Structure formats: C-alpha cells, structure tokens
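In the numbering used here, the protein residues as written are 1 to 255.
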C-alpha cells in the first residue's frame, strides 16, 4: 500500500502512482489498491472528472518479476483487466495525462481512459511480444477500436513503440503538448468537463459505448434516443435550457 494515491482539486479527482524508482511500473499490489480507489471515486458524487497523472513516467508496463513464475491459473489471477474495466466503466469522464513511458500495462491503463493527452517526450507501445506474451489487460480489444485493426496489429505484433506525434497521427492520443504544460492542459480540460452537466456526460459516455457494441446503426440510435429523452426528466436539463434562454452560465448539480 502507499504507492498510489487519490487527491481532489475542486470536482477533479487526481490518481497518481508514486513508484518512480520502477518508472511507475504496475505491480499486483498497486492495481489491487487502484481497484479500491476507483470504488471510492465512483461513490464520491463530488468527483466529476478523474485524471491519471504520474510524474516523469505514466507507467512503464507491469512488474515482470511478479509474473515470471506464473502458470495459466496464476496468470489469470494476476491479470489487470478487471480493474482497468472498472476504470473504463466509471460514469464520469477520465483523462490520462501521459509523460515519458506508457508501455504494456501502462498503455492499457491509458486506453481504459476516455481522453489521452501526451507530452512531446511520451513513448507509447505494446512490447509484450518481446517477452513471449501479448497484451492482456484490454490492449488487443481497445487499441483496434481506437486506431483501427491494421495499426493495432502492427504495434502489437512488432512490439515497437511510437512517439507522441505518431500517436497523435494515428489517433492513439487526443493531444500532444510540451512536457512543462502537460499537467496544466489536463487540469484545464478536467475543469472544463467538470462544469458540464454530470448526468448528461454519463449518459453520453454510456451511449457511445453502447453504440460501439451495437449490431447496427439503428440499434445504436435506439439506445441514444432513450438516453436523450431520459435527460428531460433531470433538473440539469431544465437549468441548462433556461440558462441558455436567459443568456447566463448554467450551474449544473447532477440532479
């Protein structure tokens, strides 16, 4: 315990791994603690956005020493996928602020977030093939959805990393900024999102995911219609539309 922490700044939650001597590599203990923290985030209605930001290195993969002796069942128990799915399933927007290495499990942690902002010095990739394994925490599923089958296969099959500009070009990250403004950029985006209507954000996030899984456009649009109509039962919808008509800034309360 103690290698990961959660801080709050206004309506923003900030999750940080503090294991600089190991380039913030993910151990089983860290990920177990992350699961507990994510449950606390979900319970805290005051947190409207979550940012994952680790100084110097986002996360340089998983702790290899903890996996060497694993057999099939031990590997199944070690896998980080259920915890990363907890992150992906949060109803609030999540932002990965990536500095330095985001490799292997670290890359998969970033993929479980909604938005990725990378510093110019970031290096991202899936080196697992060089260890005789493959991504096992959502990488083979989320990467193709994000950057397409061909690019995902190239990255995963070769194990070669990409720099931040390449990651931006292929759609792996949303933005690239100088390292000295990475946190400020992530913080400003978090503050901007925190001012939006929380229930509408949650509905939009859920609907986008449902649409990606839907068997047809029509099925996805049907889900969207129900979510859209349901928002008209919220106080935030009334506040937002009244504020627009009255030419003032809305104050959303998540109700």
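Glycine is no exception: its CB is placed at the ideal position from the N, C-alpha and C atoms.
On a predicted model such as this, the values are computed, not experimentally measured, just so you know.
- Ranking 102, 250, 73 and 91 by CA distance to the CA of residue 23 puts 102 first.
- Take residue 90, set aside five residues on each side of it, and the residues of its chain with a beta-carbon closer than 8 Å to its own are 38, 41, 42 and 50, in chain order.
- The residue from 31, 199 and 248 with its alpha-carbon nearest to that of residue 137 is 31.
- When DSSP reads this structure, residue 62 sits in a beta bridge with 26.
- Around the beta carbon of residue 171, fewer than 16 other beta carbons sit within 10 angstroms, so the residue counts as exposed.
- Counting along the chain, residue 86 sits inside the alpha helix (DSSP H) bounded by residues 81-89.
- Counting along the chain, the unbroken beta strand (DSSP E) around residue 16 starts and ends at 12-17.
- The Cβ-Cβ distance between residue 117 and residue 174 falls below 9 Å.
- In this structure the segment 214-225 does not touch the segment 153-163; the number of beta carbon pairs closer than 8 Å is below three.
- By the CB criterion at 9 Å, residue 8 and residue 63 fall outside the cutoff.
- Residue range 175-177 is occupied by the beta strand (DSSP E) that includes residue 177, with no alpha helix (DSSP H) assigned at that position.
- Annotated as distal: residue 120 and residue 162, with beta-carbon spacing of 9 Å or more.
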